[in-house]
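Colleague:
Number of protein chains: 2
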Amino acid sequence: MEPGDSNSAAGGKTQSASAPPVEGVAGGGTSYGWVDGGLRGTSLGAGVIDHTKVHSEDLLHVWSMPSTANVSQQEAPRPLEKVNLLAARNERESFQIALRPKVSWSTSGIAGSVQIQCTDLCSSSGDRLVVDQSITLRRVVPILGVPDALVPIDPLSPQISLYPGETAAVWVSLNVPCGQPPGLYEGEIFITAVKTELDSRTESLPKSERYRLYRELRSCLDITEPRDYSSPEEMVQRLTSASTTLRRMLDNPALQDCQESNGFGDMMDEDVMNNVSVRLKLSLTVWDFTLPVTPSLPAVFGISETVIEDRFCLEHGTEGWYDALDHHFRWLLQFRISPFFCRWGDSMRILAYTCPWPADHPKANEYYSDPRLAAYAVPYAPILSCTDAAKNSLRREVEILKSKPHWSKAYFYLWDEPLNVEQYDMICNISNELRSYSPDVRILTTYYCGPSGSELAPSTFEAFVKVPNVLRPHTQIFCTSEWVLGTREDLVKDIVAELRPDLGEEWWTYVCMGPSDPQPNWHLGMRGTQHRAVMWRVWKEGGTGFLYWGTNCYEKAMIPSAEICFRRGLPPGDGVLFYPGEVFSSSHEPVASTRLERILSGMQDIEYLKLYSSRYGREEGLALLEKTGMYLGPDRYTLDHGPVDVMRGEVYRSCRS
Amino acid sequence: MEPGDSNSAAGGKTQSASAPPVEGVAGGGTSYGWVDGGLRGTSLGAGVIDHTKVHSEDLLHVWSMPSTANVSQQEAPRPLEKVNLLAARNERESFQIALRPKVSWSTSGIAGSVQIQCTDLCSSSGDRLVVDQSITLRRVVPILGVPDALVPIDPLSPQISLYPGETAAVWVSLNVPCGQPPGLYEGEIFITAVKTELDSRTESLPKSERYRLYRELRSCLDITEPRDYSSPEEMVQRLTSASTTLRRMLDNPALQDCQESNGFGDMMDEDVMNNVSVRLKLSLTVWDFTLPVTPSLPAVFGISETVIEDRFCLEHGTEGWYDALDHHFRWLLQFRISPFFCRWGDSMRILAYTCPWPADHPKANEYYSDPRLAAYAVPYAPILSCTDAAKNSLRREVEILKSKPHWSKAYFYLWDEPLNVEQYDMICNISNELRSYSPDVRILTTYYCGPSGSELAPSTFEAFVKVPNVLRPHTQIFCTSEWVLGTREDLVKDIVAELRPDLGEEWWTYVCMGPSDPQPNWHLGMRGTQHRAVMWRVWKEGGTGFLYWGTNCYEKAMIPSAEICFRRGLPPGDGVLFYPGEVFSSSHEPVASTRLERILSGMQDIEYLKLYSSRYGREEGLALLEKTGMYLGPDRYTLDHGPVDVMRGEVYRSCRS
C-alpha cells in the first residue's frame, strides 16, 4: 500500500471525524430525538387525527415571509410573528404566508387542506380595507421548480392543499385605494386545518348511492301515483308500502348526519376559528402619500399579439381578438406598466402598438388618455405592408393623435436592435416620413452596439456610445441594454454625455437575455431582490424610461390550457411575466408571476425614491440607497428584504406631513 | 475605459454570440414556434376541454422509464414505446410510467387526473399474472425534492393528479409467483384523462342538497305514515300529495343524470378506453429460473424499535407493540432482507434481535424457520441490564435455539464499531460467556478501524486489517465498512487474507454515512444505478453477507403521520429506507422508497450472477459484469439502465434450460 493512500483508506484523525452515524446518545448530531417535533403535549394520539378537535398549530407550521423571498418546497419553518407593513395610497404591498405540515390529517394522499380566512383590516377610526377587494390571496405555484406563478385562491372556498414534506406559500396582497384615509389598519388571518373535499367523500352521496336513491324514489312514486283504486284497503297498503320505502331511504348512511346537525355544517363558525386556528396578526400603516396614478417612469412592456392569437385560437381582427387584447391591456395596467402589443417582422422589424383600435375609434382615446398609461406606442403600419393605403392610414393616425393632450406620451418603436448601416438607413427613412407628418414625433430605438460596417469609432464600446450621432434626429429615445454596462455603472456618464436633452433626447434602458446573474434581471431562479433591483438600477443610473420586450412570450401552443414552455435558447422566465389562467384553473384571468409583482414593487420603490429626492435632492436619494444597503451597484445590492423596508420606512418617516 | 473591459462592456464577436433574444424568424433557437406542441390537429379548440371526447394522447405525454431512473418533476418527455421485461419466478421486476400534461383539462387547480388501468398479463397458453395481486401501481412522491417514496395507488380508484408543468411517475411492479409457468406474458396499461372528483363536485350531492332531500323524505313519510284515515278521500289526497313531493325530489338536478344512464357511470367502459386512452403495451418474459426463496447472500437490516415505539405511541411489550414489530418484520421480508430490531445502549452497545418473542414462544419458531430469512440476530439481553435473570434467560434462549435446524442462521450482534481496547475486551467477555453456552455461536462485529490504544500495526489500514487477530475467536462475522476500501478494490485481498474460513470466519460489509458519491450507497439524490450497485459491489468483492444499520431511523416524532425528518448530521436518506404509510394516506402499510426497491433489485441481480457463476465459474461471472459495462469498480459502474438489462438478458440466454 502506498503511503499516500493511508488517509483515504483508513483510520486516524480523518476517520474519527467522519465516523459512521449512530443512534445512541453518543451520536451527537446524529443521535435519536435530537430535534424535538415541538408538538403541544401528546393530545394527537396514534389514531386518525380529528382536525376539528386539535389546534391547527399542532398540525402545521405557519410563518410569514417577505415578498422578495422565493419560498421553495424545502423552505424550513420559522417562528410565527406579527406582520407589519407600510403602504402609501394607491400602492400594493405584498407578503407571503408559508405553510408546512407537521403531520398529515388528510387520508387522501395529501398531508391536509387548510382554509385561509382574512378579516377586513380596520383602523381605530373605523376605516376599512375590505377582504377580496383590497386584500387578495394567491397560491404560489412552482414553475420549473421555482416558486413563480400566483394562482388566485377562490374567495368562496379559500383552501389550499399541503403535501407531506413540502412547504407551500400564499401570496397576500394589500391594495390601498387612492382615497384610503391614512392610519394604522389591523386585522388577522386565520389559518385552519380542514378536511379536504376528497376526505368528506363518504359524507356526500356517491354516484351509486344516487342511483339507488333515484330508483327508490321512482318505485315509491309508482306506488303512490294516482290511479283508480280498487278499494280503501289497497290505498292503505300503498301508503304502508310507500312508508316502508321512505323509511329505508331515510336509513341511507349518507343521510344520517342530516338528522343530527342543523344543516350548516359546512360553515366554519367563529368559535371554531378562535379555538383551533393559527392566527396571523397583520398591521398595515397607510400613510398620507399617494403614489401618482401615472408612473413617474414610463415602463413599456411588450405583449405578443401572435402568442395570443395562437393560444386562444383567435383570428386577427375578430371581436374575440379585440376582447383578448383589451383584457390583456387592462390587466397589465395594474402593474404600473404601459403595455404595447407587438409582432415581429423580418430582420427585427417590429410592429408595436398600444391600442388595437385606430385613432378615430372611441376606444383609442380611452386607451391613450388613461392616466395609468405613461407612454404609448403608435403603430407604424407600413412596416408590415408598405402600401399607399397603409401610409395614408398612418398619416391619418398621426394627424388625429398629434392634436391630443396625450400626444406627449406617444412614441414609435420601429426596429429592435438594428445591427448594420442598412437597418439604420431604414430607421432614418421612416423617421423622415414620420417627421413630415409631425415634426415632434418621438422614435424609440433599442440597441446594444453600434452599426457594423461603419467606421464610427475605434472600439466597440465607443461605437455603441456614438450611436446618437448616427440616429439623430431619427431617434429621440435611445434605449440601451443594461448588459452593455455590465457592472460598470461609471459608463453611464459616457452614454449620457452623447445625448442632447435640449433636443428632447432621452436615455432609456432594457434587460432581456442579459445581463445575467448576479446582475438584476427577471429570470426565473434569480433572487427576489434581484428581480426588484432592476428598477432600483434604473433609478440609480438615471434613465428616464424602461422597455421590456415581452411579457407573454412562451412557446407556441394552440390551446389556452397548454403547458407553458419557455422558448429554447432563452433563460427560463425571459419574456414571460405572466401565464394564461387556463393552465391553472377554469379562469381566463392571466396569472401573474412573482417577478411581475416584484416589478410593480420596484416601480413603487421608484416613487418613494422620487418623493424623497424631491424633498432632499437626488444626492440624498442616492445616499439613502447606499446607507440602507438596498442598492449600491449592479452586483452590490441587498440579498435580504430588510434594507427594502428600512428604505421605505425612512422615506415614510422623513416625508410624512 | 481599460482595455481589459472592452470585452465585457461592449461589442464585437463576443456580443453577437450573446445577442439578446428576438421573436421573429431571424431568432433561430429563440424564434417563435420553434418547438411544435405536437398536438393532433386543432380538435381541442379554445374552450374548456371535454376529456371524454379528446384522445388522452392530446392531453398528456406518457412514456416509460426504467426502475433505476430518478424521474424528476422536470423530466422531459420521450416517445412512448413498448415495455419489454424479463423476470425469473419469485422475482419482482419494476419500471416506471412517466406522465406530463400537455394541457390542463381540470378546472380545480391541477392540470388533470389520469386513470391508470392495467390488464392482466396473459400468456398464449392461458396463464395469467393478475392485476393487484401480481401487478401493483405506486405513485412516486418526492422527498426533499427527490423522487423516492412509493405510495400505493388505490386499486379501486387508480387515479393520480397531474400538475401543470410537472412530470409525475408511477412505479409499476410485476411480482412473479414461484409457481408461475414460464412464457411470454402480454398485457396493456390504459392511461386515460379523467375528471377529478373535485371537478365532478357538482355531480355529487352537496351537503345542502342532502339536507333538502332528507327533509323532503321526512315530510313525505309524514304524509304516508299509517294512521286512522278519516275517509278514502283523505287517502287519495295523501297519495296525491306524496306523489307530488316525490316528483319534486326526482326533479333534483343532482339526480338528473341517473335517469339517462345505466347506473354504471363511474366505470370506464372498454370502448371509451379503446377510443381515448393512451395504451402502453407491456410484455414480460418469465423464464424457468426460480430465485431461491432464501437469499443466497444474507443481508441483515436494522429496524429501530425505539422509533416505532415513539411514532406509533406504543409501550414496550404491549400487544400493540408486538403487532407493530411483527408488521414491520413481515413487510421487510418481501425485499429479500433479514430484519433485526435494534436499540442502542451507551458507547455503541447494541441490542439486536430478529424476533421479539422468546425462543420458546411459537412465534419464535415461525420467525426463525421462515425460509425467506437468511440470518437472524439472537438478543443478548444482558446488554441492557446485566442481571442474573437476564443471563439465565439468555442461556435458556441459546439452549433452545442451538438444537434447531435454523441455528446455522443465528448470529449475535453485540457492539457497533468498537473503537478501543476496552470495548474489544467487552466483546471478548461476552463471547466467552456465549461460547460457554454453545461453542458454535457466531458473533458479528462491525468495524472500520483497529482498536485505538493498541500497538497492533504501524499504519491505520494495517491495524484495521489485523482486527481478526484481536477478535478471534470472539467474532466470526467480520463486518467492515465499504468506506475503508474507498475505490481500492485491491485492498479486499488484504482483508480476506487475514480470515480463517476453516474456523467459520466470514467477511461481510456495510455502508452507512460513507462511502459517499460517486461510490455506491443509498443516500437520497444518488443515481438509481448507484443505489443498485451497492449489491453489485458486494458480489464482486466476494463478501458473504451484508449489514445495514437502519431502515426507519428518521427523526423522533410522537405521531404516526408526523412529517418525516432526516436526522441531522446524516446524509439525507441514510438510515431511512421506508416511510410510515400514515404520512401519505390512512394506510398503516409502510411506504417503500425507490432505494429499497433498488436494494431488492440488487439482491435479485446477485442471484442472477450466482446462477451464471455456478454454470460458468466465478471468473466468467466477473467477466460478465465487466463486458456488459454494468459494474467495473466502486467508481466505474453504469449510470444508465441499459447494461443492467444486457447482463440479465445474457444470464437468461445462457442459463435457460
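Listed in order, the protein sequences are those of chains F and D.
Its first residue numbered 1, the first sequence is counted upward by one per residue in my numbering.
Its first residue numbered 1001, the second sequence is counted upward by one per residue in my numbering.
From the three backbone atoms N, C-alpha and C, an ideal C-beta is built for every residue, glycine too.
Within 10 angstroms of its Cβ, does F/Cys178 collect 16 or more other Cβ (buried), or is it exposed?
Modeller: Start at 1 with the first residue of the first sequence, and residue 178 of chain F comes out as number 178. The residue in question, F/Cys178, is exposed, as its Cβ has fewer than 16 Cβ neighbours within 10 Å.
Colleague: Assuming D/Ser1585 and F/Thr196 are in contact, meaning their beta carbons sit under 8 Å apart, how far apart are those beta carbons, in whole angstroms?
Modeller: By 1-based counting over the second sequence, the position of residue 1585 of chain D is 585. By 1-based counting over the first sequence, the position of residue 196 of chain F is 196. 12 Å between Cβ atoms; not a contact.
Colleague: Evaluate D/Pro1458 with the Cβ neighbour count: other Cβ atoms within 10 Å of its Cβ, from every protein chain shown; 16 or more gives buried, anything less gives exposed.
Modeller: As a working mapping, residue 1458 of chain D is identified with position 458 in the second sequence. Exposed, since its Cβ has fewer than 16 Cβ neighbours within 10 Å.
Colleague: Beta carbons nearer than 8 Å to chain F: which residues of the segment 1541 to 1568 of chain D have them?
Modeller: The segment 1541 to 1568 of chain D vs chain F, Cβ under 8 Å: Trp1549, Gly1550, Cys1553, Glu1555, Lys1556, Ala1557, Met1558, Ile1559, Pro1560, Ser1561, Ala1562, Glu1563, Ile1564, Cys1565, Arg1567 and Arg1568.
Colleague: When the Cα of F/Pro158 is compared with those of F/Cys118, F/Asn84, F/Gly525 and F/Ser123, which residue comes out closest?
Modeller: For the purposes of this step, residue 158 of chain F is identified with residue 158 of the first sequence, where counting begins at 1. Of the candidates F/Cys118, F/Asn84, F/Gly525 and F/Ser123, the one whose C-alpha sits nearest the C-alpha of F/Pro158 is F/Cys118.
Colleague: Can you list, in chain order, the residues of its chain whose CB lies under 7 Å from that of D/Leu1144, leaving out five sequence neighbours each side?
Modeller: Here residue 1144 of chain D is taken as the residue at index 144 of the second sequence, counted from 1. Closer than 7 Å at Cβ, skipping near neighbours: Leu1524 and Pro1572.
Colleague: Can you tell me whether F/Ala623 is buried or exposed? The criterion is at least 16 other CB atoms within 10 Å of its CB, across all chains shown.
Modeller: Locating residue 623 of chain F in the first sequence gives position 623, counting from the first residue. The residue is exposed, with fewer than 16 neighbouring Cβ atoms inside 10 Å.
Colleague: Return no unless some Cβ of chain F is closer than 9 Å to the Cβ of D/Lys1195.
Modeller: Numbered from its first residue, the second sequence carries residue 1195 of chain D at position 195. Closer than 9 Å: no.
Colleague: Could you tell me the boundaries of the beta strand (DSSP E) in which D/Pro1643 lies?
Modeller: Position 643 of the second sequence holds residue 1643 of chain D. Here D/Pro1643 belongs to no beta strand (DSSP E); instead the alpha helix (DSSP H) covers Gly1642 to Cys1655.
Colleague: Quick one: what's got a C-beta closer than 7 Å to D/Trp1483's C-beta in the same chain, skipping five residues either side?
Modeller: Here residue 1483 of chain D is taken as the residue at index 483 of the second sequence, counted from 1. Excluding positions up to five away in sequence, the list reads Tyr1448, Gly1514 and Pro1515.
Colleague: Is there a Cβ of chain F sitting closer than 9 Å to that of D/Lys1102, yes or no?
Modeller: What you label residue 1102 of chain D is simply residue 102 of the second sequence in a count that begins at 1. It does: the Cβ of D/Lys1102 has a partner Cβ on chain F nearer than 9 Å.
Colleague: Closest to D/Arg1595 by CA distance: which of D/Glu1541, D/Gly1575 and D/Tyr1612 is it?
Modeller: Numbered from 1 along the second sequence, position 595 holds the residue referred to as residue 1595 of chain D. With distances taken between Cα atoms, D/Arg1595 lies closest to D/Gly1575.
Colleague: Select from the segment 1406 to 1418 of chain D all residues with a C-beta closer than 8 Å to any C-beta belonging to chain F, and list them in chain order.
Modeller: If the cut-off is 8 Å between Cβ atoms, the segment 1406 to 1418 of chain D has Asp1416 and Glu1417 near chain F.
Colleague: Please classify D/Leu1624: does DSSP put it in a helix, a strand, or coil?
Modeller: Residue numbering aside, residue 1624 of chain D sits at position 624 when the second sequence is read from its first letter. In this structure, D/Leu1624 counts as helix in the three-state DSSP scheme.
Colleague: So with CB distances below 7 Å, who are the chain F contacts of D/Ala1242?
Modeller: The count along the second sequence starts at 1 and reaches residue 1242 of chain D at position 242. Thr224 and Ala242, listed in chain order.
Colleague: For the structure I just gave you, are there three or more beta carbon pairs, one from the segment 1554 to 1562 of chain D and one from the segment 1303 to 1310 of chain D, closer than 8 Å?
Modeller: Contact between the segment 1554 to 1562 of chain D and the segment 1303 to 1310 of chain D is present, because at least three Cβ pairs lie under 8 Å.
Colleague: By alpha-carbon positions, which one of F/Leu471, F/Pro418 and F/Asp425 ends up nearest to F/Arg442?
Modeller: Position 442 of the first sequence, counted from the first residue, corresponds to residue 442 of chain F. When each option's Cα is compared against that of F/Arg442, the closest is F/Leu471.
Colleague: For D/Pro1379, would you say it is in contact with chain F, using Cβ-to-Cβ distances shorter than 9 Å as the test?
Modeller: Start at 1 with the first residue of the second sequence, and residue 1379 of chain D comes out as number 379. No, D/Pro1379 does not count as interfacial toward chain F.
Colleague: Restricting to Cα atoms, I'd like to know which of D/Leu1059, D/Pro1295, D/Asp1310 and D/Gln1476 is closest to D/Ala1562.
Modeller: Within the second sequence, residue 1562 of chain D is the residue found at index 562, counting from 1. Of D/Leu1059, D/Pro1295, D/Asp1310 and D/Gln1476, the residue nearest in Cα terms is D/Asp1310.
Colleague: What's the C-alpha gap between F/Glu650 and D/Leu1162?
Modeller: Numbered from its first residue, the first sequence carries residue 650 of chain F at position 650. Numbered from its first residue, the second sequence carries residue 1162 of chain D at position 162. Taking the straight line from one Cα to the other gives about 47 Å.
Colleague: Going by C-alpha to C-alpha distance, which of D/Pro1379, D/Phe1329 and D/Gly1345 sits closest to D/Pro1339?
Modeller: Here residue 1339 of chain D refers to the residue found at position 339 when the second sequence is read from its first residue. Nearest option by C-alpha distance: D/Phe1329.
Colleague: When the Cα atoms are used, what is the spatial distance from D/Pro1468 to D/Glu1462?
Modeller: Here residue 1468 of chain D corresponds to residue number 468 of the second sequence, with the count starting at 1. Here residue 1462 of chain D corresponds to residue number 462 of the second sequence, with the count starting at 1. Approximately 11 Å, taken between the alpha carbons.
Colleague: Using a Cβ-Cβ distance cut-off of 9 Å, determine whether F/Ile49 contacts chain D.
Modeller: As a first step, residue 49 of chain F must be located in the first sequence, where it is residue number 49. At least one chain D Cβ lies under 9 Å of F/Ile49.
Colleague: Alpha carbon to alpha carbon, how far is F/Ser104 from D/Val1286? Give it in angstroms, no decimals.
Modeller: Counting from one through the second sequence, the residue named residue 1286 of chain D turns up at place 286. Counting from one through the first sequence, the residue named residue 104 of chain F turns up at place 104. Each residue's Cα considered, the two are about 40 Å apart.
Colleague: Can at least three beta-carbon pairs, one atom from the segment 1319 to 1327 of chain D and one from the segment 1290 to 1301 of chain D, be found at a separation below 8 Å?
Modeller: No: the two stretches stay apart, fewer than three of their Cβ pairs being nearer than 8 Å.
Colleague: So D/Cys1446 is in the beta strand (DSSP E); what residue range does that whole segment cover?
Modeller: The residue you call residue 1446 of chain D lines up with position 446 of the second sequence. The question names Cys, yet the displayed sequence has Thr at residue 1446 of chain D. Its beta strand (DSSP E) spans residues Ile1443 to Tyr1447.
Colleague: Which of the three DSSP states is assigned to F/Glu563 in this structure?
Modeller: Counting from 1 along the first sequence, the entry for residue 563 of chain F is found at position 563. It is coil, neither helix nor strand.
Colleague: So which residues on chain F does D/Met1603 lean against when the C-beta distance must stay under 8 Å?
Modeller: For the purposes of this step, residue 1603 of chain D is taken as residue 603 along the second sequence, with counting starting at 1. Here the premise fails: no neighbours, minimum Cβ distance about 22 Å.
Colleague: Mind listing, in chain order, the continuous beta strand (DSSP E) runs of no fewer than 3 residues lying wholly within the segment 145 to 195 of chain F?
Modeller: Whole beta strand (DSSP E) segments, 3+ residues: 146 to 152, 159 to 162, 168 to 176 and 183 to 194.
Colleague: Are the segment 1063 to 1081 of chain D and the segment 1596 to 1615 of chain D touching by the rule of at least three beta carbon pairs closer than 8 Å?
Modeller: With a cut-off of 8 Å, the segment 1596 to 1615 of chain D and the segment 1063 to 1081 of chain D count as touching, because enough Cβ pairs lie within range.
Colleague: Using a Cβ-Cβ cut-off of 9 Å, state whether D/Trp1171 counts as contacting chain F.
Modeller: Position 171 of the second sequence, counted from the start, is the residue given in the question as residue 1171 of chain D. By this cut-off, D/Trp1171 is not an interface position.
Colleague: Taking all protein chains shown into account, do 16 or more other C-beta atoms lie within 10 angstroms of the C-beta of F/His51, making it buried, or fewer, making it exposed?
Modeller: Counting from 1 along the first sequence, the entry for residue 51 of chain F is found at position 51. It counts as buried.
Colleague: In chain order, what residues of the same chain have a beta carbon less than 6 Å from the beta carbon of D/Glu1091, not counting five sequence neighbours either side?
Modeller: Position 91 of the second sequence, counting from 1, holds the residue named residue 1091 of chain D. Contacts found: Val1176, Leu1291 and Gln1604.
Colleague: Measuring only the C-alpha atoms, how far is D/Gly1165 from D/Phe1335?
Modeller: The sequence position of residue 1165 of chain D within the second sequence is 165, counting from 1. The sequence position of residue 1335 of chain D within the second sequence is 335, counting from 1. So the two alpha carbons sit approximately 34 Å from each other.
Colleague: Should D/Pro1362 be labelled buried (16 or more other beta-carbon atoms within 10 Å of its own) or exposed?
Modeller: For the purposes of this step, residue 1362 of chain D is taken as residue 362 along the second sequence, with counting starting at 1. It counts as exposed.
Colleague: Using a Cβ cut-off of 7 Å, pull out every chain D residue sitting near F/Gly317, in sequence order please.
Modeller: Position 317 of the first sequence, counted from the first residue, corresponds to residue 317 of chain F. Under the 7 Å cutoff, chain D gives no residues; its nearest Cβ is about 16 Å from F/Gly317.
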